[in-house]
Amino acid sequence: MKSLGTLGIIGFAAAVTAALPVGAQEQQLTIASAGGAWQQAQRNAWYTPFAQKMGIKFNEEETSAGMARVQAMVQAGNVTDDVVTVDTAQVLSACDSGILVRLDWSKIAPRDGFLPGAARDCGMGLDVYGDVLAYNTDVVKSDPPTSVLALFDTKRWPGKRGMQKIAPNNLEWALEADGVPTDQVYKVLATPQGVNRAFAKLDTIKNDIVWWQAGAQPPQLLASHEVVMTTAWNGRIQNPIDHEHAPFKIVWGNEIIEYDMIAIPKGSPHLDLAYNYLAFVAQPENNGRLGEFIPYGPVVKDSVKFVPKGTLAKLPTAPDHMEGALPIDMEFWADYGQDLNKRFNDWLAK
Amino acid sequence: MLLVAPLFVLLLLSFCLPIAELLAHAVYDPTMHDALPRTAAALDTSPGQGVPDDIVFTALGDDLLAAKQNDSLYNLAKDLNNLLPAARSHVLRTARSLSPEKPLTRAELTSVDPFWGESETWFAIRGGVRPFTTSYLLAAIDLQWTPNGSIGQVPADQAIYRTIFARTFAIAAAVTLITLVLGFPLAWLMANLPGPIAARLILLVLLPFWTSILVRTAAWTVLLQRFGILNELLLALHITDHRIDLMYTRAGLIIAMTHIQLPFTLLPIYSVMRTISASQMRAAYSLGARPFFAFRRVYLPQVMPGVMAGCLLTFILCLGYFITPALVGGPADQLIANFISNYINIDLNWQMAAALSFILLALTLGLFATFARMFGVDRMKLV
Chain A
-3 MKSLGTLGII
7 GFAAAVTAAL
17 PVGAQEQQLT
27 IASAGGAWQQ
37 AQRNAWYTPF
47 AQKMGIKFNE
57 EETSAGMARV
67 QAMVQAGNVT
77 DDVVTVDTAQ
87 VLSACDSGIL
97 VRLDWSKIAP
107 RDGFLPGAAR
117 DCGMGLDVYG
127 DVLAYNTDVV
137 KSDPPTSVLA
147 LFDTKRWPGK
157 RGMQKIAPNN
167 LEWALEADGV
177 PTDQVYKVLA
187 TPQGVNRAFA
197 KLDTIKNDIV
207 WWQAGAQPPQ
217 LLASHEVVMT
227 TAWNGRIQNP
237 IDHEHAPFKI
247 VWGNEIIEYD
257 MIAIPKGSPH
267 LDLAYNYLAF
277 VAQPENNGRL
287 GEFIPYGPVV
297 KDSVKFVPKG
307 TLAKLPTAPD
317 HMEGALPIDM
327 EFWADYGQDL
337 NKRFNDWLAK
Chain B
1302 MLLVAPLFVL
1312 LLLSFCLPIA
1322 ELLAHAVYDP
1332 TMHDALPRTA
1342 AALDTSPGQG
1352 VPDDIVFTAL
1362 GDDLLAAKQN
1372 DSLYNLAKDL
1382 NNLLPAARSH
1392 VLRTARSLSP
1402 EKPLTRAELT
1412 SVDPFWGESE
1422 TWFAIRGGVR
1432 PFTTSYLLAA
1442 IDLQWTPNGS
1452 IGQVPADQAI
1462 YRTIFARTFA
1472 IAAAVTLITL
1482 VLGFPLAWLM
1492 ANLPGPIAAR
1502 LILLVLLPFW
1512 TSILVRTAAW
1522 TVLLQRFGIL
1532 NELLLALHIT
1542 DHRIDLMYTR
1552 AGLIIAMTHI
1562 QLPFTLLPIY
1572 SVMRTISASQ
1582 MRAAYSLGAR
1592 PFFAFRRVYL
1602 PQVMPGVMAG
1612 CLLTFILCLG
1622 YFITPALVGG
1632 PADQLIANFI
1642 SNYINIDLNW
1652 QMAAALSFIL
1662 LALTLGLFAT
1672 FARMFGVDRM
1682 KLV
């Protein structure tokens, strides 16, 4: 009977703790995002002002496995995240699997006020970022690269190169490096021959690649001279340049342009507050403010005038960065991602 | 009995049940069965192989329309894609083009998309609508069902898991051996030195043991990288004349894993060695045994239970490594746990993750059973 008594006490204690907060606690919103300089920027631009305005508490979670986390929560019927930030490539398939709330845009902002493709059924764009190339001027002293495609020229720039351990971007760049015009990339990649061609091109540099997984890794790889060049998200390189005087340079040629998205998991415990947060971020003056803290561009058309002047030239969407830039095709990756990701992982393991 | 009951209940609820539930994912996948109930029923009444007749196609049309309504279409498409590459877009495109007015026939659907008229498609659907499946377990050892009902090899460019299981066991064995070679003499020193010095040695061994595995792995990246401390040291001492690549290599991975695992091998050996009186060896010498003979016949047999326990502990722990390979190893040094983690976190294919876990668990238990039968569990001394 001793054990039953103990269980009873535990059960009682649990019931008391569960009952207590209801009356005492203020409203809170839980967000899961990808951490690092980007989450810091979101905190400054959005979390803190929103929490103040609404008189609520903001809970932050840091994770690099956003959608797996949501799927686990929804399947278990125990959703604790109210809003999550998502990769562009993942938002469509997660929406299709029914684990995200189909957004009611009347509660957020007019859908046509966003850049094309940024206002999705289940996801709202937060910012525009560029997948770019970066190098350390202490390492590359002469003959600086002018395009991301320098990755594939190991004769001119010998040494290790950092690349993100995912199929998107890398396959597009491989085709461009193999001579496919930028506007034909997805057409070619949709054919089996095109896929073989992309992997054959990646094969030529396979032994020179250092794979990174978290956005905070590329600046570390550059700072430690571990690589001669690395792909990166532009903000993660610009911030150490601006704030720590790191000797890094960004190469914009053949950049790939993507949106960061935000979504609401089905079963979010504070749905109304989550909608309020999305509406808050979609207000032009708020959407432009992120640029003060990290050089990612706004997705709301009217917010360009709220972006600080000094930031505009550092954005991936600045006119002289856009030449030859490729906007990522989310529909393509929603359709072909499953097979291409598997092929990519099999290729990596060989 | 009642005293252990709380622990027993805790273990059952927080350990055994979740493992069982996860492993069930490997063989039980009701997604397609739930999304295609009418098709599954129609296929039951018209068994056989190849492309079925109109009844099944009508049922499929109804199922696809219903699936489109209740959000199960995409999970259906994804699941079928796991069995049949490229199926996903066919399912989605067909479902988009369907209209609810007319019942569907075989001729119509195959004209919308010839995909539905191929026998491979129906082979995959027949397999998929059965909620209990062995496909994932087979895929985890590079095998698959073939349309004629036998088990065959998967295409060579997709066959990766046997290599990775072999790699995982090989690296675990290498690390175990190195920790034994390094740890055995150290354990002997610790057991035979005078008290205060031995206590300091033990502290030195235990200090890293109390540090988180992630911190120690990160520390090794600092030591091993091209411009890291180890390379600077080797250059300064003129041992090498160029920087050697240790990060993202097998050698670097084994160094880092050896460091983390050393205490696990060492401590069981040390605890056994402490109980062996030095007078035994002296007795052997006085009876005329040479040092090596005395070591082999008197000392080693008594230490063996500790050696076996330490090695088994390290070996089994090594099989589950994934943070260290992810951070220190290269793409060709990823262990099976890295693939399991990728299937869970990135691909959201929990069936495959469960199947790989199942195989890993079975191999580990098999190894343990063999080991226990050969040497006897009761002879092992874990502490």
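Quick mapping for you: the protein sequence lines, in order, are chains A and B. Just so it is clear: in the first sequence, position 45 is 41 by this note's numbering, and no numbers are missing. Just so it is clear: in the second sequence, position 163 is 1464 by this note's numbering, and no numbers are missing. Using N, Cα and C, we set each Cβ at its ideal position, and we do this for glycine too. Keep in mind the model is a prediction, meaning the values are calculated, not measured.
From the DSSP output, read off the bridge partner residues of residue i.
i	result
Trp208 of chain A	A:Gln160
Lys245 of chain A	A:Tyr131
Asp149 of chain A	DSSP lists no partner for Asp149 of chain A.
Ser1398 of chain B	None; Ser1398 of chain B has no bridge partner.
Gln24 of chain A	A:Lys53
Thr226 of chain A	A:Ala130 and A:Gly158
Gly1453 of chain B	B:Gln1445
Thr81 of chain A	A:Ile258
Pro323 of chain A	A:Ile253
Ala105 of chain A	Partner(s): none; Ala105 of chain A has no beta bridge.
What does a CB cutoff of less than 7 Å around residue i pick up in its chain, not counting 5 residues either side in sequence?
i	result
Ile1356 of chain B	Ala1343 and Ser1347
Phe340 of chain A	Ala163
Leu1618 of chain B	Gln1562 and Phe1565
Exposed or buried, what is residue i when buried is set at 16 or more other beta-carbons lying within 10 Å of its beta-carbon?
i	result
Phe1616 of chain B	buried
Gln1635 of chain B	buried
Met1302 of chain B	exposed
Leu1361 of chain B	buried
Val176 of chain A	buried
Val303 of chain A	buried
Pro1602 of chain B	exposed
Trp1511 of chain B	exposed
Met120 of chain A	buried
Ala1425 of chain B	buried
Met1548 of chain B	buried
Ser1658 of chain B	buried
Glu281 of chain A	exposed
Glu172 of chain A	buried
Ile1630 of chain B	The sequence given here places Gly at residue 1630 of chain B; Ile does not occur at that position. With 16 or more Cβ atoms within 10 Å of its Cβ, Gly1630 of chain B is classed as buried.
Ala1488 of chain B	buried
Asn1376 of chain B	buried
Thr1671 of chain B	exposed
Asn1449 of chain B	exposed
Gly1349 of chain B	exposed
Met1609 of chain B	buried
Excluding five sequence neighbours on each side, which residues of the same chain lie with their C-beta closer than 6 Å to the C-beta of residue i?
i	result
Met1558 of chain B	Val1476 and Thr1625
Ala1471 of chain B	none
Tyr1644 of chain B	Asn1650, Met1653 and Ala1654
Pro1404 of chain B	Thr1359
Asn1493 of chain B	none
Thr142 of chain A	Gly249
Leu1535 of chain B	Thr1541
Val97 of chain A	Ile260 and Lys262
Thr1480 of chain B	Thr1559, Gln1562, Leu1563, Thr1566 and Thr1615
Ala1396 of chain B	Leu1365, Lys1369 and Leu1374
Pro265 of chain A	none
Phe289 of chain A	Ala37, Asn40 and Ala41
Arg1575 of chain B	Ala1492
Is it the case that the Cβ atoms of residue i and residue j are separated by a distance below 8 Å?
i	j	result
Trp208 of chain A	Gln279 of chain A	no
His1391 of chain B	Phe1416 of chain B	yes
Met225 of chain A	Ala146 of chain A	yes
Leu1366 of chain B	Leu1399 of chain B	yes
Ile258 of chain A	Thr81 of chain A	yes
Val223 of chain A	Val144 of chain A	no
Ala345 of chain A	Ile1637 of chain B	no
Thr227 of chain A	Leu129 of chain A	yes
Tyr255 of chain A	Thr84 of chain A	yes
Arg116 of chain A	Val87 of chain A	yes
Gly1418 of chain B	Val1352 of chain B	yes
Give me, in chain order, the residues of the same chain whose beta-carbon lies closer than 8 Å to that of residue i; leave out the 5 immediate sequence neighbours on both sides.
i	result
Ser1580 of chain B	none
Gly73 of chain A	Gly263
Met69 of chain A	Val75, Thr76, Asp77, Pro261 and Gly263
Thr1665 of chain B	Ile1617 and Leu1620
At what residue ranges does the region 248 to 272 of chain A contain a whole run of the alpha helix (DSSP H), taking only runs of 4 or more? Those alpha helix (DSSP H) runs which fall completely within the region 248 to 272 of chain A and span 4+ residues do not exist here.
Taking only runs that begin and end inside the region 1624 to 1651 of chain B, name each unbroken beta strand (DSSP E) of 3 or more residues, in chain order. You should have found no qualifying run.
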